[in-house]
Amino acid sequence: MSSCAIISRMKNDTSHIRNFSIVAHIDHGKSTISDRILELTHTVEERDLESQMLDSMDIERERGITIKSNAVRVAYDADDGRTYQFNLIDTPGHVDFTYEVSRSLAACEGAVLVVDATQGVEAQTVSNALLAMNADLDIVPAINKIDLPSAEPDRVREEIEEDLAIPADDAVCVSGKTGEGIHDLLEAIVYLVSPPAGEVDAPLKALILDSYFDEYRGVVATVRVFDGSIKKGDRLVMMAEGDTFLCDGVGCKRPLETPLPELGVGEVGYVVTGLKDPALVHVGDTLTKPEHPCAEVLPGYHEAKPMVFAGVFPVDNKEYENLRDALEKLKVNDPSLTWAPETSVALGFGFRVGFLGLLHMEVVKERLEREFGLDLIATSPSVDYHVYTTAGEMLDIKSPQDLPRPEKIDRIEEPYLNAKVIVPPDYMGAVMQLAIEHRGITKDMVYLSEKSVEMHFDIPLAELILDFFDQLKSRTKGYASLDYEFADYQASDLVKLDILLAGEEVDALSFIVHKDKAYTLARGLCDKLKEIIPRQQFEVPIQGAIGNKIISRSTVRAVRKDVLAKCYGGDISRKRKLLEKQKEGKKRMKQIGTVDVPQEAFLAVLKVDDDA
27 MSSCAIISRM KNDTSHIRNF SIVAHIDHGK STISDRILEL THTVEERDLE
77 SQMLDSMDIE RERGITIKSN AVRVAYDADD GRTYQFNLID TPGHVDFTYE
127 VSRSLAACEG AVLVVDATQG VEAQTVSNAL LAMNADLDIV PAINKIDLPS
177 AEPDRVREEI EEDLAIPADD AVCVSGKTGE GIHDLLEAIV YLVSPPAGEV
227 DAPLKALILD SYFDEYRGVV ATVRVFDGSI KKGDRLVMMA EGDTFLCDGV
277 GCKRPLETPL PELGVGEVGY VVTGLKDPAL VHVGDTLTKP EHPCAEVLPG
327 YHEAKPMVFA GVFPVDNKEY ENLRDALEKL KVNDPSLTWA PETSVALGFG
377 FRVGFLGLLH MEVVKERLER EFGLDLIATS PSVDYHVYTT AGEMLDIKSP
427 QDLPRPEKID RIEEPYLNAK VIVPPDYMGA VMQLAIEHRG ITKDMVYLSE
477 KSVEMHFDIP LAELILDFFD QLKSRTKGYA SLDYEFADYQ ASDLVKLDIL
527 LAGEEVDALS FIVHKDKAYT LARGLCDKLK EIIPRQQFEV PIQGAIGNKI
577 ISRSTVRAVR KDVLAKCYGG DISRKRKLLE KQKEGKKRMK QIGTVDVPQE
627 AFLAVLKVDD DA
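In case it helps, the working numbering puts the sequence shown at residues 27 to 638.
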């Protein structure tokens, strides 16, 4: 039966629909399995097949990771003779994009939990399994990469049962590379995932899962219909904000957008709103019809809370308004983004933008540059501090420039994380040493099996965003996996470290650091900046300072011209006159000269060597 025949079934019958997400730890093969499903169900013509079909952004393909969840509809002819409508949602695996996973699970009745046959259960495997359990979904375990010589499916099956408490008798062994076992996986989805429930005659109730801005059609929203139906021409209202609009069209992705007559109960598809103001559409809002509204709104989502903040400035200040518009349009597609206007003496007008992590920050900056043609500078990232003043106030500090003077500060609290590292026992000592170096406290350890230990730490977020993950992978030869969640705020002995160039403070290079690490970091940063900042015709001192106290210094030597090159002997006074003239010129240049700071300097703080 063709995919179009699915639409013509009886409206009240949802027994042929299966909504499921594919979740896993990063690099365990979610997108590859999605490609094989599209291939097996002939959703995509063989000549159009390519890797990472559901990763639509160039940046996803280049980095080999999934950043945005993507919903696609496929038709599957099952062994029982029926044709089923699968609404498949491929999700990210990186911890920075966990909010994308939780949003996707809200639209589903089931989840395919993919586990690497060589790596086994890792940190994000545990987190995603818990998300699916908390959402009360039917879980289908799948053991991927069985084609590899080092695959150990029996061991991984035991880990799934012992570590996740999920029965692994039904675990399907598959290879996303060769396609082996994909048919069995689809059959397991048919029998293990429940069909959606809902009433076609009830008032419309649909959840907005995602959205993006189209220059010609306005905001296009991805929705899951729980009750009722939507078709072109319907008048719809968003219950949280109360804004109404006329539906310009509905459809689904296969994986290209395909218009449909309507979206019915249990289906996932897109709605063209025609709205030109991106701020009007909120992910997690409930769609209904104003003449027959539903009785209550859907639960929606917990708002994603930014963990990392950085200043984003246009290289050309004339692009400030364009940057604002770009951020508003990107927020439609990425609701976790927050920003507020910020001014820097060194960089001019820009925005203080909140991100979920360093990878999220890199991705957003790159999307702004690629999709909106902007040339941007990002400052070194910081976290959200709680500063208690001697006057009894609590200030929420997202930027080092907002920190009060030291004499007005009673104490500073910084965010701590509950970090979970799964690692082979041979590397436990290296992980504990790394945690100590980053002010982490080991809480406990649990042996999951003979080959893996789960270690729990309390660690400051500010330490985690520097180089913790890179060092963790390096010291464990790539075997360790990391997951974390926010714990609470704790008081710490923190100071503001300023960087001065030629005696002038560069506000964009200031950051907040623990007092015990201030000298080491200042020394390393000054040395790093000495390599990056180009030489001038006058000497440029680079200094690290806490308040009025200079704690480190490096010097960029001046470029000197040999003014005596044409003096072939003669009176020494002639040479002295030339040297004095040069000295006066250098002195004057030092007073009025400016130092151009290249963009690399703003991220140098991330690359300060451990030895520094």
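Think of the CB as a built atom: it goes at the ideal place given N, C-alpha and C, for glycine as much as any other residue.
Fair warning: this is a prediction, and the values are worked out from it, not measured in the lab.
Of all alpha-carbon atoms in Tyr510, Asp253 and Leu400, the one lying nearest the alpha-carbon of glutamate 322 is that of Asp253. Within the DSSP secondary-structure output, serine 408 pairs in a beta bridge with Phe335. Assignment of asparagine 574 by DSSP, reduced to helix, strand and coil, places it in the coil class.
Checking the DSSP bridge columns, you'll see isoleucine 192 has no partner listed. With 16 or more other Cβ atoms inside 10 Å of its own Cβ, asparagine 96 counts as buried. When the Cα atoms are used, lysine 477 and lysine 503 turn out to be separated by approximately 15 Å.
For tyrosine 110, the number of other beta carbons within 10 angstroms of its own is at least 16, and it is reported as buried. In the DSSP assignment, the residues bridged to serine 518 are Ile438. Using a Cβ distance threshold of 8 Å, leucine 324 and leucine 233 count as a contacting pair. In the displayed model, leucine 157 falls within a helix according to three-state DSSP. By the neighbour-count criterion, in which 16 or more other beta carbons inside 10 Å mark a residue as buried, serine 536 falls on the buried side. Residues Val100, Ala101 and Tyr102 of the same chain have their beta carbon placed closer than 7 Å to that of threonine 67, with the five preceding and five following residues left out of the count. Taking C-beta separations shorter than 6 Å and ignoring five residues to either side along the sequence, the partners of serine 580 in its chain run Cys552, Asp553, Lys556 and Ile568, following chain order.
DSSP, read as helix, strand or coil, puts proline 167 in strand. Under the three-state reduction of DSSP output, aspartate 553 falls in the helix class. Distance between valine 226 and leucine 286, taken at the CA atoms: about 17 Å.
The alpha-carbon of isoleucine 438 is positioned some 6 Å away from that of serine 518. In the DSSP annotation of this structure, the continuous segment of the beta strand (DSSP E) that includes arginine 250 starts and ends at 244 to 253. Taking 8 Å as the cut-off, the beta carbon of valine 70 is found no closer than this to the beta carbon of proline 221. Per DSSP, the unbroken alpha helix (DSSP H) holding alanine 214 starts and ends at 208 to 218. When beta bridges are read from the DSSP output, glutamine 111 appears opposite Ile43 and Ala101. Between the alpha carbons of aspartate 422 and valine 413 lies a distance of about 7 Å. For tyrosine 346, the enclosing alpha helix (DSSP H) stretches over residues 346 to 359. Taking a 10 Å sphere around the C-beta of glutamine 150, we find 16 or more other C-beta atoms and assign the residue as buried. CA-CA distance, leucine 139 to proline 167, rounds to 5 Å. Apart from sequence neighbours up to five positions away, the residues of its chain that approach glycine 259 with a beta-carbon distance below 8 Å are Leu272 and Cys273, ordered along the chain.
Secondary-structure assignment with DSSP links isoleucine 256 through a beta bridge to Leu289. Exclusion of the five residues before and after glutamate 188 leaves Leu474 and Ser475 as the residues of its chain whose Cβ lies within less than 8 Å of its Cβ. Going by DSSP, histidine 482 is part of the beta strand (DSSP E) stretching over 478 to 486.
Under the DSSP assignment, isoleucine 462 falls outside any beta strand (DSSP E), being part of the alpha helix (DSSP H) whose first and last residues are 454 to 463. Under a 10 Å Cβ-count criterion, phenylalanine 512 is classified as exposed, with fewer than 16 other Cβ atoms of the shown protein chains found around its own Cβ.
Of all C-beta pairs linking the region 336 to 344 to the region 304 to 312, fewer than three are shorter than 8 Å, placing the two stretches out of contact. For the options Glu148, Asp360, Gly107 and Ile115, the alpha carbon positioned closest to that of serine 57 is the one of Ile115.
Membership of threonine 468 in the beta strand (DSSP E) is indicated by the continuous run 467 to 475.
By the criterion of a C-beta distance shorter than 7 Å, glycine 295 is surrounded in its chain by Val249, Val276, Gly277, Cys278, Leu286 and Leu289, once the five residues flanking it on both sides are discounted.
The straight-line gap separating the alpha-carbon atoms of glycine 466 and methionine 264 is approximately 45 Å.
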